[in-house]
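The numbering used here numbers the first residue of the sequence shown as 13 and each following residue consecutively. Written below as structure tokens is the structure these notes are about.
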Amino acid sequence: MFTTLTPPITVPPVPQDLKQAIRDLKREQNAVILAHYYQAAEIQDIADYLGDSLGLSQRAAETDADVILFAGVHFMAETAKILNPDKTVLLPDLAAGCSLAESCPPDAFGEFKRRHPEHLVISYINCSAEIKALSDIICTSSNAVKIVRQIPPEQPIIFAPDRNLGRYVMAQTGRDLLLWEGSCIVHETFSERKLIELKTQYPQAKIIAHPECEAPLLRHADFIGSTTALLHYSRRDGAETFIVATEPGIIHQMAKFSPAKQFIPLPGQGNCACNECPYMRLNTLEKLYWALKNQSPQIVLPPDILQAALPPIQRMLALS
Ligand code: 13P
Ligand code: SF4
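Structural data, given as structure tokens:
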């Protein structure tokens, strides 16, 4: 009988003042931290720029930093890399994916596109770099309606991968879009029954929702928009209470801007915490620190994908 002695795994300690250590590394490396509103509050607080997907890609397009540390999910960091192929783009945890991006595999989508050769392909930014490379124009939740309105009415359009955003754009524009049937696990978990219960409990509350939610839920909304649009609406609207139908990370900024107002996160079905994006929440301050310290994990993309995915993103930036 043999026993194997496994050496103990040693994880080096992180510095006591983690935030200061991150700031020091950032300065040494001329790095910038871009963060999405769905990140944990302490990550939002250390970001150089905090925004929705459109704001983050605009900021990535214009940064003069040498290193971009992306506190968000994989498709966001990929977008930053496509816009900055010569810069180092770090994602604190490579497992930070996106159910919506995964719901659109490149092979199946390529085949779908081949079956509809006359269609223009507009893809929501929540997709892989391969899908971007197969697209004509990229959009985000804040400019999808605006971009579709700029396409001549006789031009047929494939809209991918989010069927809920696609249906919302169809309702807003009166256009008939050919939809890819993808969706976000977070925005499809919201319970209409709980929304009605909350509205009964807080009859004066305004319901604000992200267009990735399903149509039956969106029907109750007083305002629908991207995370940035929801934040601005909650600041300027006179209501004192808001029921928030999107990932609750955004409430950190809403409460900062409007401390006297009440923000109630809409729960998911059952008693889970599934209104929190499990991918976004993989990032931690510790992982941000190690990513900068080790210059890893980095986003690496094949040169042909980098080249083919750039024009659709540039078209979006020009049309926004
Ligand atoms: P926006 O950043 O466009 O509001 O989209 C939210 C989202 O789901 C990001 O993954
Ligand atoms: Fe993807 Fe949904 Fe998470 Fe956004 S909230 S990153 S769409 S899984």
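C-beta atoms are modelled at their ideal positions from N, C-alpha and C, and glycine is treated no differently. Small disclaimer: the values here were computed from a predicted structure and weren't measured.
- The C-beta distance from Leu-46 to Ile-80 rounds to 6 Å, short enough to meet the 8 Å contact threshold.
- Assignment of Tyr-49 by DSSP, reduced to helix, strand and coil, places it in the coil class.
- Across the structure, Ala-59 and Leu-300 are spaced so that their CA atoms are roughly 11 Å apart.
- With 16 or more other CB atoms across the displayed protein chains lying within 10 angstroms of its CB, Ile-94 is buried.
- Sorted by position in the chain, Asp-64, Ser-65, Thr-152, Ser-153, Ser-238, Thr-239 make up the residues whose C-beta lies under 5 Å from a heavy atom of the ligand 13P.
- A Cβ-Cβ separation of about 5 Å places Ile-236 in contact with Ala-221 under the 8 Å criterion.
- Taking 7 Å as the cut-off, the C-beta of Val-85 counts as close to a heavy atom of the ligand SF4.
- Secondary structure at Ser-115: coil, using DSSP grouped into helix, strand and coil.
- Within 7 Å of the C-beta of Ile-197 there is at least one heavy atom belonging to the ligand SF4.
- Per DSSP, Thr-201 has no beta-bridge partner at all.
- In the DSSP assignment, Phe-235 is bridged to Ile-220.
- The DSSP-derived three-state label of Ala-59 is coil.
- Looking from the CA of Gln-265, the closest CA among Asn-42, Asp-29, Ala-52, Ala-33 belongs to Ala-52.
- In the DSSP assignment, Val-312 falls outside any alpha helix (DSSP H) and carries neither an H nor an E.
- Counting only runs of 4+ residues, the alpha helix (DSSP H) found wholly inside the segment 102-167 occupies 111-114, 118-126, 141-145, 156-161, in chain order.
- The closest CA to that of Ala-145, considering only Leu-331, Glu-224, Arg-327, is found on Arg-327.
- When DSSP reads this structure, Val-79 sits in a beta bridge with Ala-43, Thr-100.
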